[in-house]
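As structure tokens, the structure follows; a few thoughts come after it.
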Amino acid sequence: MLDIPKGYKYWHYTDSGAVIEKNAPNWVKEEFDEYQKTMNQSCKPNENGIIKYI
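Per my numbering: the sequence shown = residues 1 to 54.
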């Protein structure tokens, strides 16, 4: 299970998905990009159709 990102307070949700504040520190932007990559890579369903985020 993924931990909640340290910069989560800078995240906002829109109709098109999660975004971060424009004035967020650079480390938050990097963390956000890495988290999104991980979510996209690990969101494949198993043989039972269940998605487990690792």
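Glycine included, every Cβ here is placed at the ideal spot set by N, Cα and C. As the structure is a computational prediction, the values presented were derived from the model and not from experiment.
Residues of its chain near residue i, where Cβ-Cβ distance is below 8 Å and the 5 sequence neighbours each way are ignored
| i | result |
| --- | --- |
| Pro45 | Ile51 |
Residue i - containing beta strand (DSSP E), residue span
| i | result |
| --- | --- |
| Ala24 | Counting along the chain, Ala24 falls outside any beta strand (DSSP E), and DSSP gives it neither H nor E. |
| Tyr8 | From DSSP, Tyr8 is part of no beta strand (DSSP E); its letter is neither H nor E. |
Buried or exposed by the 16-neighbour rule on C-beta atoms within 10 Å, applied to residue i
| i | result |
| --- | --- |
| Val28 | buried |
Rounded Cβ spacing between residue i and residue j (contact assumed at less than 8 Å)
| i | j | result |
| --- | --- | --- |
| Tyr13 | Ala24 | 15 Å between Cβ atoms; not a contact. |
Other residues of its chain near residue i: CB distance less than 6 Å, five sequence neighbours each side excluded
| i | result |
| --- | --- |
| Tyr35 | Pro5 |
Selected residue, minimal CA-CA separation from residue i, among the options
| i | options | result |
| --- | --- | --- |
| Glu30 | Gly7, Glu47, Asp3 | Gly7 |
| Gly17 | Glu47, Asn40, Asp3, Leu2 | Asn40 |
Proximal residues to residue i (C-beta, below 7 Å), its chain only, five neighbours per side dropped
| i | result |
| --- | --- |
| Val19 | His12 |
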